[in-house]
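Student: Quick one: the structure is below, questions incoming.
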Amino acid sequence: MFRKLLIVSFIVIMAGCANHKNNTVEGKKLLIIAGEGLNTTYENNPAANGFLFEVGKTFATDLGLQLEELGFDSYLFISKDSATYKQEYQRAVNRLMTDETIDGVAEIKVLHTKNDKINEIALYATYFTTDLMVKGCDLRTSKNCYSVKELDKAGDNIYQIVDQATEQFNTTPVSEMVMDTALFIYRAEL
Numbered sequence: 021m022f023r024k025l026l027i028v029s030f031i032v033i034m035a036g037c038a039n040h041k042n043n044t045v046e047g048k049k050l051l052i053i054a055g056e057g058l059n060t061t062y063e064n065n066p067a068a069n070g071f072l073f074e075v076g077k078t079f080a081t082d083l084g085l086q087l088e089e090l091g092f093d094s095y096l097f098i099s100k101d102s103a104t105y106k107q108e109y110q111r112a113v114n115r116l117m118t119d120e121t122i123d124g125v126a127e128i129k130v131l132h133t134k135n136d137k138i139n140e141i142a143l144y145a146t147y148f149t150t151d152l153m154v155k156g157c158d159l160r161t162s163k164n165c166y167s168v169k170e171l172d173k174a175g176d177n178i179y180q181i182v183d184q185a186t187e188q189f190n191t192t193p194v195s196e197m198v199m200d201t202a203l204f205i206y207r208a209e210l
């Protein structure tokens, strides 16, 4: 009798654990930034600049949608003017971090690297987590303490748009890079 009760109790406990869903990223808020000021720019080639802008914008938008499917809330900041990018971006980050409404920042850059050894165009997705820090404390009295969030780099994902060896466009679907980046961010926030 005791043995049967023990087996039934074990099955009930395991069934309860199996049905319990706990998404630890549900409701976490992420800022995704892309656009002018982050990408390589060409002085006399607006078509190339436009191409790099559209690649970054499209990737950032798709990444935001993918992150929302995983349970995150995402904010999108697309800079359209490299002259004001730093001020606008800093204002957005400061506001979101001050309100403590942001848990991470994904920075999307499309860069053309050309030197003696490399000639490639690649998309760089860098993710920064936010860490809560206590600042301004008087160690003797613990007065004047306030909390702030600081960014901490979690890592990069790189997607080559133009393959240096073949000088051809990469045939791997961008959606795979979006999914890889979304999963990287998901794991960083667990």
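Our numbering applies: residue 21 is where the sequence shown begins, and numbers increase by one. Ideal Cβ placement from N, Cα and C applies to all residues, glycine included.
1. Just to confirm my understanding: we take leucine 58, look at its own chain, exclude 5 residues before and 5 after, and list those with CB closer than 8 Å. What are they?
2. Starting from the C-beta of threonine 146, find all residues in its chain whose C-beta is less than 6 Å away, skip the five residues before and the five after it, and write them out in chain order.
3. Could you check whether the segment 85-92 touches the segment 196-203, counting it as contact only if at least three pairs of C-beta atoms, one from each stretch, sit closer than 8 Å?
4. With DSSP as the reference, label tyrosine 147 as helix, strand or coil.
5. Could you please give the first and the last residue of the uninterrupted alpha helix (DSSP H) stretch that includes aspartate 82?
6. Can you give the Cα-Cα distance for alanine 67 and threonine 61, rounded to whole angstroms?
7. Name the residue from Asn65, Ile52, Ser102 whose alpha carbon lies nearest to the alpha carbon of threonine 81.
8. Pick helix, strand or coil for valine 194, following the three-state DSSP scheme.
9. Between valine 45 and the rest of its own chain, which residues show a CB-CB distance below 8 Å, the 5 nearest in sequence each way excluded?
10. Given this structure, state the Cα-to-Cα distance separating tyrosine 144 from phenylalanine 79, to the nearest angstrom.
11. Among Gly55, Leu50, Gln180, Lys134, which one has its Cα closest to the Cα of serine 102?
12. Could you spell out the range, first to last residue, of the beta strand (DSSP E) harbouring tyrosine 95?
13. Return the chain-ordered list of same chain residues with a C-beta closer than 8 Å to the C-beta of threonine 192, the five sequence neighbours on each side being excluded.
Tutor: In brief:
1. Position 38 of the sequence shown, counted from the start, is the residue given in the question as residue 58. Cβ within range, chain order: Gly76, Ser99, Tyr105, Glu127, Ile128, Lys129, Val130.
2. Start at 1 with the first residue of the sequence shown, and residue 146 comes out as number 126. Annotation for threonine 146: Glu127, Asp176 place their beta carbon closer than 6 Å to its own, counting only its chain and skipping 5 residues before and after.
3. yes
4. Taking the sequence shown and counting its residues from 1, one reaches residue 147 at position 127. In the structure shown, tyrosine 147 sits in a strand (DSSP, three-state: E or B).
5. By 1-based counting over the sequence shown, the position of residue 82 is 62. Aspartate 82: member of the alpha helix (DSSP H) spanning 66-89, first to last residue.
6. The sequence position of residue 67 within the sequence shown is 47, counting from 1. The sequence position of residue 61 within the sequence shown is 41, counting from 1. Distance between the alpha carbons of alanine 67 and threonine 61: 10 Å.
7. As a working note, residue 81 is residue 61 in the sequence shown. Measuring from the Cα of threonine 81, the nearest candidate turns out to be Ile52.
8. Locating residue 194 in the sequence shown gives position 174, where the first residue counts as 1. Of the three classes helix, strand and coil, the one that applies to valine 194 here is helix, per DSSP.
9. What you label residue 45 is simply residue 25 of the sequence shown in a count that begins at 1. Closer than 8 Å at the Cβ level, and outside the excluded window around valine 45, lie Leu90, Gly91, Phe92, Tyr206, Glu209, Leu210.
10. Taking the sequence shown and counting its residues from 1, the one referred to as residue 144 is at position 124. Taking the sequence shown and counting its residues from 1, the one referred to as residue 79 is at position 59. Taking the straight line from one Cα to the other gives about 10 Å.
11. For the purposes of this step, residue 102 is identified with residue 82 of the sequence shown, where counting begins at 1. For the residues Gly55, Leu50, Gln180, Lys134, the minimum Cα distance to serine 102 belongs to Gly55.
12. Position 75 of the sequence shown, counted from the start, is the residue given in the question as residue 95. In the DSSP assignment, tyrosine 95 falls within the unbroken beta strand (DSSP E) covering 93-99.
13. Looking up residue 192 in the sequence shown gives position 172. Counting only Cβ-Cβ distances below 8 Å, and skipping sequence neighbours, we find Tyr179.
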